[in-house]
Structures are given as C-alpha cells and as structure tokens.
C-alpha cells in the first residue's frame with residue numbers, strides 16, 4: 001500500500017524516562033519504517049530549534065503527526081517551542097504563507113489520567129475534545145486539514161510500580177501505534 | 001486598600017520586542033508596586049527553570065496572574081515550561097500536593113488578531129473562552145480558584161507600521177492593565 005510522506009514529531013521533553021511515548025515511537029519505527037520520526041528532545045535539549053531544518057521536514061511531508069504526552073492539558077513546552085519557531089509568518093500563515101496548505105495534521109497523544117476522568121462529570125470537568133480547539137484553529141490558519149487523533153489515557157508515571165504495570169502500559173501503547181497506523185492508512189487514500 | 005499578595009508571571013519569550021505585554025507590565029509596576037513581577041525571559045532565556053525559587057514565589061502569593069501573548073492559541077512555550085517544572089506532583093497536586101490550594105488564578109493575555117475574529121463565525125472558528133479549558137482544569141487539579149481573565153486583541157507585530165499605531169497599542173495596553181487592577185482589587189476582597 002502506498003502511504004503518503006509521513007512526518008512524526010515527538011514532543012516529549014524526556015523520552016528516556018517515557019514508557020508510553022517511547023513504545024509508540026518504537027512500534028511506529030518498526031511498522032512504518034518509511035515515516036520520518038523527529039525526536040525533539042534529542043535534537044533540541046536546549047530548546048534552540050533549527051528553523052530551516054524543521055521547515056524543510058514540513059515541506060516534504062503530506063501528513064504531519066504530533067506525538068506527545070499531555071502536560072497540563074496542553075502539548076509539552078518543547079513541542080510548543082517547535083511550533084512557535086517553525087510556523088512563521090510568511091511560511092505557514094499570513095498573506096504569502098501557504099507552505100503547509102493542504103497538508104493533513106494528526107494528533108497522537110497520551111494522558112497520565114484515565115480516559116474516564118476526561119468528561120464533564122469527571123475529575124477534569126472537560127472532555128478530551130474540549131482541549132483540542134488550539135490545534136484545530138492552527139490548522140484553519142495554516143490551511144491544513146485536521147485529520148483526527150488517536151488517544152490513550154491512564155499511562156501515568158505514578159502507575160509504573162511493578163513490571164506487570166509497565167508491561168501493561170507497553171501493551172496499550174503498542175495498540176495505540178497500530179490504531180494510529182490504521183488512521184494514517186485511511187487518510188493516505190482520501 | 002489592602003491588596004492580597006499578588007504574583008505576576010510574564011511568559012513572553014522576548015519582552016524587548018513586545019509593545020503590548022511590555023506596556024501592561026510597566027503600567028502594573030507603576031500602579032501596583034506591591035505586586036511581585038517575574039519576567040521569565042530575563043530569568044530563564046535558556047528555559048532552565050529554578051524550580052525551588054519559583055515554588056517559593058508561588059507559596060508567598062495569594063493571587064497568581066499569568067501575563068502572556070497568545071501564541072498558536074496557547075500560552076508561550078516558556079510559560080508552559082515554567083508550569084511543567086514548577087507545578088510538580090507532591091507540590092501542586094497529587095494526594096499530598098496542596099501547596100496552591102485556595103490561591104486564585106487570573107489570566108491576562110493579548111492576541112495579535114482582533115477580538116472579533118474569535119467567534120464561531122469568525123476566522124478562528126472558536127470564541128476566546130473555548131481556548132481556556134486547560135487553565136480551568138489546572139485550577140481544578142491544584143485546588144486553585146479560577147478568578148477570571150482580562151483580554152485585549154488586535155495588538156499584532158504586523159500592525160506596528162507607524163508611530164501612531166504603536167501609540168494606539170500602548171494606549172489599549174495601559175487600559176488593559178487598569179482593567180486587570182480593577183479585577184485584582186475586586187477579588188482581593190472576596
């Protein structure tokens with residue numbers, strides 16, 4: 001099956017300490033070797049983004065996947081920095097900025113809290129979708145297509161107190177990666 | 001009038017290049033000299049947050065103001081980093097983390113795009129309130145009270161092409177600061 005060019009941006013600030021995000025990326029690397037995976041924490045531990053290099057990666061991509069753990073109901077600071085620096089006026093937006101036009105954006109994210117907490121009645125007071133307008137508005141301004149998300153909750157640091165629990169987090173993370181690949185295959189043919 | 005202890009965290013990544021946020025902070029400094037103003041871009045140009053120092057500032061405060069320009073419909077990366085690092089499990093949240101309990105959180109932010117664009121029918125497709133669930137959920141998790149926001153739109157970099165336009169941005173920014181002080185006085189007595 002011919003997939004479009006896929007760029008996966010990992011926004012975790014410390015992948016070495018991660019289970020879920022690390023497992024998702026490893027699974028994607030095995031199952032989707034043609035995708036380009038960018039690990040921001042390896043490239044930019046000092047938060048100094050190489051704007052030109054990152055813009056070139058975006059230009060090559062048909063589908064852009066943002067892979068991140070949700071920190072304080074938002075993307076990690078490092079991913080925000082990547083976006084602030086790379087999505088520049090005249091490149092991604094503004095009257096002459098149309099370099100991302102027509103590209104598809106997919107979110108792939110995890111939360112420490114279980115999915116059930118994300119509801120009006122739950123501990124968070126909001127559904128997970130209510131935290132996504134910023135990405136959808138970004139797509140709108142940059143003329144990208146918001147092409148959905150894959151989400152896994154309940155993969156917290158605090159819940160890794162035994163080898164069994166770590167294995168369980170790895171297992172749901174592998175399934176997450178397979179769900180993401182399924183979505184990518186579907187939108188590759190639209 | 002006795003105001004409670006107010007901590008103002010400036011999240012702009014480059015205040016020297018700012019008009020609106022700089023003017024707001026200067027006005028607050030003049031009119032509200034008892035408030036503690038923290039400029040993250042001066043303290044942490046390398047994004048390396050002094051967690052202990054920042055937690056001490058939070059402990060002293062009754063009211064915490066986050067002052068920032070909206071970048072990509074979110075807080076700037078530097079403010080996100082401050083929050084990721086400072087709001088730690090066992091300090092701000094978790095079964096033994098109640099150090100922010102009862103404190104009030106106020107948002108004070110600006111957007112480059114005019115306020116009218118922030119509507120369901122407008123260019124952004126969302127109201128400004130639809131971008132705020134992350135702050136409200138943060139308050140909920142940290143047992144803080146979300147105490148409202150002061151907002152000014154239309155203060156973009158692109159719209160500073162003449163001395164008159166810069167003066168206009170300064171003027172709305174001063175008014176913004178006065179509206180913020182009014183809100184702070186009101187919630188100081190609740």
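Protein chains in written order, with UniProt numbering: chain X, 1 to 190; chain Y, 1 to 190.
The beta carbon of each residue, even a glycine, is placed where N, CA and C say it ideally should be.
These figures come from a predicted structure and were not determined experimentally.
Going by DSSP, which residues form a beta bridge with residue i?
i	result
residue 118 of chain X	Residue 118 of chain X pairs with nothing; no bridge assigned.
residue 66 of chain X	X/9 and X/107
residue 150 of chain X	X/108
residue 37 of chain Y	Y/8
residue 71 of chain X	X/74
residue 93 of chain Y	Y/89
residue 80 of chain Y	DSSP lists no partner for residue 80 of chain Y.
residue 191 of chain Y	With chain Y covering only 1 through 190, there is no way to say anything about residue 191 of chain Y.
residue 145 of chain Y	Y/104
Which residues in chain X sit within 9 Å of residue i, going by Cβ to Cβ distance?
i	result
residue 16 of chain Y	Residues of chain X passing the Cβ test: none, with the nearest at roughly 16 Å.
residue 114 of chain Y	Within chain X, no residue comes near residue 114 of chain Y; the closest Cβ sits about 14 Å away, beyond 9 Å.
Give the residues of chain X in contact with residue i, contact being defined as C-beta atoms less than 8 Å apart.
i	result
residue 46 of chain Y	46 and 47
Assuming residue i contacts residue j under a Cβ cut-off of 8 Å, what Cβ separation, rounded to an integer in Å, is found between them?
i	j	result
residue 148 of chain Y	residue 114 of chain Y	That belief does not hold up - the Cβ atoms of residue 148 of chain Y and residue 114 of chain Y are roughly 21 Å apart, past 8 Å.
residue 169 of chain X	residue 20 of chain X	6 Å
residue 69 of chain X	residue 109 of chain X	7 Å
residue 75 of chain X	residue 125 of chain X	About 20 Å; that fails the 8 Å criterion.
residue 99 of chain Y	residue 59 of chain Y	6 Å
residue 24 of chain X	residue 171 of chain X	That belief does not hold up - the Cβ atoms of residue 24 of chain X and residue 171 of chain X are roughly 12 Å apart, past 8 Å.
residue 15 of chain Y	residue 39 of chain Y	6 Å
residue 95 of chain X	residue 142 of chain X	So it is not a contact: roughly 13 Å between Cβ atoms.
residue 47 of chain X	residue 71 of chain Y	Actually they are not in contact, since the Cβ atoms of residue 47 of chain X and residue 71 of chain Y sit about 14 Å apart, beyond 8 Å.
residue 73 of chain Y	residue 112 of chain Y	Wrong, their Cβ atoms sit about 11 Å apart, outside the cutoff.
What residues from chain X crowd round residue i, counting only those whose CB sits closer than 7 Å?
i	result
residue 71 of chain Y	84
Run through chain Y and tell me which residues come within less than 7 Å of residue i, C-beta to C-beta.
i	result
residue 102 of chain X	Result: empty, since nearest Cβ-Cβ is about 18 Å, beyond 7 Å.
residue 77 of chain X	77, 80, 81 and 84
Name the chain Y residues that come within less than 8 Å of residue i, Cβ to Cβ?
i	result
residue 119 of chain X	Per Cβ cutoff of 8 Å: no residues; residue 119 of chain X is ~12 Å from chain Y at best.
residue 74 of chain X	74, 75, 80 and 134
Taking residue i as the query, report the chain Y residues whose CB atoms sit under 9 Å from its CB, ordered along the chain.
i	result
residue 125 of chain X	133, 136, 137 and 140
Does chain B have any CB closer than 8 Å to the CB of residue i?
i	result
residue 103 of chain X	Reference to chain B is not applicable here, since the protein chains of this structure are X and Y.
Q. Contact between the segment 158–171 of chain X and the segment 132–142 of chain X: three or more CB pairs below 8 Å?
A. With a cut-off of 8 Å on Cβ pairs, the segment 158–171 of chain X is not in contact with the segment 132–142 of chain X, counting fewer than three such pairs.
Q: Can you give me, in chain order, the residues of the segment 80–96 of chain X that have a beta carbon less than 9 Å from any beta carbon in chain Y?
A: Listed by position along the chain: 80, 81, 82, 83, 84, 85, 87, 89 and 94.
**Q.** Against chain X: residues of the segment 131–156 of chain Y by CB proximity under 9 Å
**A.** Residues are counted here when their Cβ sits less than 9 Å from a Cβ of chain X; for the segment 131–156 of chain Y these are 131, 133, 134, 135, 136, 137, 138, 140 and 141, given in chain order.
Q) With contact counted as at least three CB pairs below 8 Å, one residue from each stretch, are the segment 59–77 of chain X and the segment 5–21 of chain X in contact? A) Taking 8 Å as the limit for Cβ pairs, the verdict is that the segment 5–21 of chain X does touch the segment 59–77 of chain X.
Q | Segment contact, 8 Å Cβ cut-off, at least three pairs: the segment 88–99 of chain X with the segment 80–96 of chain Y | A | A contact between stretches requires three or more CB pairs, one per stretch, nearer than 8 Å, and the segment 88–99 of chain X fails this requirement with the segment 80–96 of chain Y.
**Q.** Contact the segment 180–190 of chain Y vs the segment 102–109 of chain Y: 3+ CB pairs below 8 Å
**A.** Three or more Cβ pairs drawn from the segment 180–190 of chain Y and the segment 102–109 of chain Y lie within less than 8 Å of each other, which places the two stretches in contact.
Q. Is the segment 46–58 of chain X in contact with the segment 37–44 of chain Y, if contact means three or more CB pairs nearer than 8 Å?
A. The segment 46–58 of chain X is not in contact with the segment 37–44 of chain Y.
**Q.** Residues, ordered as in the chain, of the segment 158–189 of chain X that lie near chain Y by beta-carbon distance below 8 Å
**A.** Within the segment 158–189 of chain X, the qualifying residues are 158.
Q | Three CB pairs or more closer than 8 Å across the segment 26–39 of chain Y and the segment 167–180 of chain Y | A | With a cut-off of 8 Å, the segment 167–180 of chain Y and the segment 26–39 of chain Y count as touching, because enough Cβ pairs lie within range.
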